[in-house]
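Chains as they are written, first to last, in my numbering: chain A, 4 to 303; chain B, 107 to 526. Where is the CB? At the ideal position from N, CA and C, for every residue including glycine. Computed from a predicted structure; not experimentally measured.
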């Protein structure tokens, strides 16, 4: 047989199937796009799923206002190239409208506030399905989540009451006001993502590759010094770093690295002994169930 | 590198978590921060050893109650192959979770405690794995260290299991004596069991042949989505009309004559498109877009097949049903939705022939209902024709799910036994 059960093509075929299924069964899907590596792969798969037709749904970015400028520039370039419509849901707007209150203190972050902004935007635009780039290998609460994951009309996830998911038959049915979160990359690992980026020749924001940056160290993480960092007495120093994940500047850590190109980055990741979220996300360090708690509320 | 999907069946007492922990650990798929977190939690709880179950128990309630609630998916790789483990819990909601995990599995590992031998639950696991047509079964006789690595214990369990399996449709059965705790026959062959000349578990997982498990005979292409670019800017695509979907069986070739169902009309595949360019042929599980000759009205839920190899076109479905709902039972006359390939239709339960005791395989023909985690033989009348094959011949065109039309809950799963 000329076609094999090779990993990358198997995962790609599965993801394309999932994306098409949602487009066929739901009226108003949206793709959540942060400019991070997983959402870059997700956007590529959506493009493949409908080619030569354009992607039949918009993309949405939940903007904390604390994003890396390199990522914002990249985001705009990406959507312009594909001709998809970009919706920006702003955490600052949610704060101004009194929907959420800004956290204070040295560990203040807008990470958690994103949930309200996201749910408000889903409701305002009437979206009934939201594609996300989450993977099951990222975090143990995510390892338990369905590919098509039901959200009630408060946007909440009930991990103990999930719909059984068999074969590749997805139950996408919902009532008004409810929605589904859809994770076509569920079965991908971090290395699969990088291998795919290399195989497809996908462009990434420059911060994924080694560069000089002014940082300070907190809880063993290297955080960017800047207006949102909440830095107090920690010393600032300049060092070669790259980012392993892309999130809010206030809670995403860099790793020391000299890997300037894709091959070097993949080599480093294949050899690493620490998970990406454990290494670079302050938001997951709050407690053992930090991700589960945020997911229940409606987080990505 | 290909991917093997496996489901593990067994309870914590059988050493399932230890086995998974060892596979992950020895393949370097557990990261330092994960191990540290598990060690910290184990210490906080005053447990003597590092509790590897904490690696897979991802939910707060699971950690608090020390039980596994839901199927967890785990990923690891060796230089030879990549693996997805569906780790299904042993206690709560057992059938529902195992059926879910087994539905996509290429291989199931059934754990048996060497001291206890073949228990009711081992029979249940074996039955469910074969009901879901998992192509390869491995019986891992664990805790051999606690029976002095005695060959006779292993042989007795093997003989008893083989006798039971004769009643089931087992296609490939492998027995491995092991001690997950000490690592005997998990990754490396055990020096303590020189009498065993089979492979270690990992060696077997790496080498079991799965490419031919797919159905490459019966060409089946459920139409999932119609691609119409409406691109005024590109005249070449102005009339483009492609039928997107995932190949569910057989091999489709460009230039070949095919039949469209339900119309029964014959046409020709003019091209098989992907975003990376056209391909000459497509087989499962490829997601492709077919371009067809002529002007046939084709939409989602239709089926493309070969003129002389068609699925059953039927509104009467006979199936084994696994019921998964606590809120509602399956009863005669009950109405629900069937989702089969890309087609969803209303259906009514015409008959419940029997409820099956999954341990004794006894058929209760007086049963009036199927409750949560119960399995039975059912006849359904569907409002639209479905294009079906026996589940034993093709999982993709023989499996379906049942949905509650009012609550949208997934009520159960069905495996077509024969289309009347």
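- For residue 311 of chain B, there is no enclosing beta strand (DSSP E); the residue is part of the alpha helix (DSSP H) that begins and ends at 307 to 313.
- The continuous stretches of alpha helix (DSSP H) do not include residue 90 of chain A, which lies in the beta strand (DSSP E) extending over residues 89 to 93.
- Taking C-beta atoms as the reference points, residue 452 of chain B and residue 489 of chain B count as a pair closer than 7 Å.
- Residue contact check for residue 479 of chain B against chain A: no CB pair falls below 7 Å.
- Under DSSP, residue 482 of chain B takes part in a beta bridge, and its partners are B:427 and B:461.
- A Cβ-Cβ distance of about 17 Å is found for the pair residue 58 of chain A and residue 131 of chain A, leaving them out of contact under the 8 Å criterion.
- At least one CB of chain A lies nearer than 7 Å to the CB of residue 109 of chain B.
- Here residue 77 of chain A carries a helix assignment [DSSP, helix/strand/coil].
- Between residue 15 of chain A and residue 173 of chain A, the C-beta spacing is not below 7 Å.
- Collapsing the DSSP output to three states places residue 401 of chain B in coil.
- Per DSSP, the beta bridge partners of residue 363 of chain B are B:374.
- Ranked by Cα distance from residue 101 of chain A, the options A:119, A:88, A:110 and A:86 are led by A:119.
- A straight-line Cα-Cα distance of about 56 Å links residue 283 of chain B and residue 69 of chain A.
- Residues of the same chain with a CB within less than 6 Å of the CB of residue 260 of chain B, apart from the 5 flanking positions on each side, are 247 and 283 in chain order.
- Between residue 64 of chain A and chain B, the shortest Cβ-Cβ separation is not below 7 Å.
- Per DSSP, reduced to three states, the secondary structure at residue 504 of chain B is helical.
- By the C-beta criterion, the segment 29 to 46 of chain A is judged to be in contact with the segment 70 to 78 of chain A, since at least 3 inter-stretch pairs fall below 8 Å.
- Residue pairing from DSSP places residue 411 of chain B in a beta bridge opposite B:365.
- DSSP places residue 294 of chain A in the helix class (H, G or I) of the three-state scheme.
- By the Cβ-count criterion, residue 267 of chain B is buried, with 16 or more other Cβ atoms from all chains shown falling within 10 Å of its own Cβ.
- Residues 360, 377 and 378 of the same chain have their beta carbon placed closer than 8 Å to that of residue 384 of chain B, with the five preceding and five following residues left out of the count.
- Of all residues in the segment 148 to 168 of chain A, only 162, 163, 165, 166, 167 and 168 come within less than 7 Å of chain B when Cβ atoms are compared, listed by chain position.
- Not one beta carbon of chain B lies nearer than 7 Å to the beta carbon of residue 70 of chain A.
- Sorting A:153, A:46, A:170 and A:258 by C-alpha distance to the C-alpha of residue 216 of chain A places A:258 at the top.
- Proximity of the segment 208 to 227 of chain A to the segment 88 to 103 of chain A falls short of the contact definition, fewer than three beta-carbon pairs being nearer than 8 Å.
- Annotation: residue 224 of chain B is outside any alpha helix (DSSP H) and is labelled neither H nor E by DSSP.
- Listed by position along chain B, the residues whose Cβ is nearer than 9 Å to that of residue 51 of chain A are 380, 381, 382 and 393.
- Around the CB of residue 402 of chain B, fewer than 16 other CB atoms lie within 10 Å, so the residue is classed as exposed.
- Residue range 109 to 115 is occupied by the beta strand (DSSP E) that includes residue 109 of chain B.
- Contacts with chain A at 7 Å (Cβ-Cβ) do not include residue 405 of chain B.
- Against chain B, the CB of residue 22 of chain A has no partner CB under 7 Å away; the residue lies outside that interface.
- Residue 390 of chain B sits away from residue 419 of chain B, with the two beta carbons spaced by 7 Å or more.
- DSSP places residue 351 of chain B in the uninterrupted beta strand (DSSP E) bounded by 348 to 352.
- Interface criterion met: the Cβ of residue 146 of chain A is under 7 Å from a Cβ in chain B.
- In summary, residue 240 of chain A is exposed, with fewer than 16 beta-carbon neighbours lying within 10 Å of its beta-carbon over all protein chains present.
- As DSSP reads the structure, residue 436 of chain B sits in a beta bridge with B:476.
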